[in-house]
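Structure record follows, encoded as structure tokens.
In the numbering used here, the protein residues as written are -18 to 289.
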């Protein structure tokens, strides 16, 4: 009786020792890069998996994806305090968002797959979308990104206690081009991208006479405006060396154009308003006497550049 009990223990120990284990690996996963167009952009991704066996062992699997840096599955790419929305989907129509546990509660929330019976590699697709921003020109320029972790579990269905086999991270990103433009317009007019010149005609010059215009700037990366006066802050007679000085004020502040180089007359950071940041420009003729009769003029070159 004792020998039979000993034999049973030895056989049981041998059976446990021969148990077969297997694993599934995420070999690679494509980074998602949205080329900025100012409209909705769709990109497809690929997950490549392998297993260390064939047959039915580790044959069925499912994939989840984390929410990234967002606090929900309304995923976002970030650049400092600025955000751009995107999402990841299991279907080509981009209607079924990919979740991770514990938010993944149905098979419609995961990527499901199966290896061929004799195969040990497989490729699964997923789909990404960056939707059209409501006001593309209000999006700050620069590099936006998020980091997502893909996870592969055994079994094709959502199940509590599914075994996690492997994880792999990938980058989701876009570059928003830095843009800046200006409009030189009549006082009180709205921004017009096609209006970039102004003629201030004083007619017969009178001391302390003034004329004005508006300058509006649109930028998504800060901006700096410079004025360069061809005659260094003076109207010059077209046929002689006589000049008449003038005063320049921008938003009520005096600016001195007596310089051989461009003069900074305004600058702001961040994203401009949708209407364009407003600069009120006023030019007033200085006192003068004993000047030659004739035509006097000056040309001011206005330039604007991003600063961030």
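Note that the Cβ used here is the ideal one computed from N, Cα and C, for glycine as well.
Quantities reported herein were computed from a predicted structural model and do not represent experimental measurements.
Which class does residue -16 belong to by DSSP, given the choice of helix, strand or coil? With a pLDDT of 34 at residue -16, under the threshold of 50, the modelled position of that residue is not reliable, and no figure is offered here.
Once the 5 residues before and after residue 64 are set aside, which same chain residues still bring their CB inside 6 Å of it? 57
Residue 92 and residue 107 look like a contact to me (Cβ under 8 Å); what is the Cβ gap, rounded to whole Å? 6 Å
Once DSSP output is grouped into helix, strand and coil, what is the label at residue 66? strand
Quick check on the burial criterion: 16 or more other C-beta atoms within 10 angstroms. Buried or exposed for residue 165? buried
Which same chain residues, not among the five before or five after residue 86, have their C-beta less than 7 Å away from its C-beta? 139
Provide the residue span of the beta strand (DSSP E) that contains residue 99, from first to last. Per DSSP, residue 99 belongs to no beta strand (DSSP E) and is neither H nor E.
Let me make sure I understand the geometry here. Which of 192, 44, 38 and 14 has the alpha-carbon closest to that of residue 2? 38
Cβ pair residue 70, residue 60 closer than 8 Å: no
Completely contained beta strand (DSSP E) runs for the stretch 69 to 137, where each covers 3 or more residues: 92 to 95, 102 to 111 and 123 to 135
Taking one C-beta from the stretch 165 to 179 and one from the stretch 126 to 143 each time, how about it: are there three or more such pairs within less than 8 Å? no
Starting from the Cα of residue 214, find the closest Cα among 114, 9 and 266 and give me that residue. 266
According to DSSP, simplified to helix, strand and coil, what is residue 235? strand
Using CA atoms only, rank isn't needed, just tell me which of 186, 185, 171 and 222 is closest to residue 197. 171
Applying the 10 Å Cβ sphere with the 16-neighbour rule, what's the burial state of residue 129? buried
Which residue spans inside the stretch 137 to 202 form an unbroken beta strand (DSSP E) run of at least 3? 145 to 157, 161 to 166 and 191 to 200
Could you pull the start and end residues of the beta strand (DSSP E) that residue 244 belongs to? 244 to 249
DSSP-derived helix/strand/coil call for residue 258: strand
7 Å CB neighbourhood of residue 239 in its chain, flanking five on each side removed: 213 and 214
Just verifying my parser: in three-state terms, what is the DSSP assignment at residue 370? As shown, the chain starts at -18 and ends at 289. That puts residue 370 outside it, with no answer to give.
With distances taken from CA atoms, which of 90, 205 and 272 is nearest residue 224? 272
What is the DSSP secondary structure of residue 30, counted as helix, strand or coil? strand
Nearest CA to the CA of residue 254: which residue from 148, 122 and 199? 199
According to DSSP, is residue 284 part of a helix, a strand, or is it coil? strand
Select from 49, 42 and 101 the residue whose C-alpha is nearest the C-alpha of residue 88. 42
Can you tell me which of 40, 168 and 263 puts its alpha carbon nearest to the alpha carbon of residue 237? 263
Among the residues of its own chain, which have a CB less than 6 Å from the CB of residue 14, if the five just before and after it don't count? 154
Can you tell me the Cα-Cα spacing of residue 233 and residue 191, whole angstroms? 13 Å
For residue 161, collect the residues of the same chain with a Cβ closer than 6 Å to its Cβ; drop the 5 residues on either side in sequence, then sort them by chain order. 200, 204, 285 and 287
Do residue 45 and residue 110 count as a contact pair if the criterion is CB distance below 8 Å? no
Taking the alpha carbon of residue 182 as the reference point, which residue from 159, 210 and 216 has its own alpha carbon closest? 216
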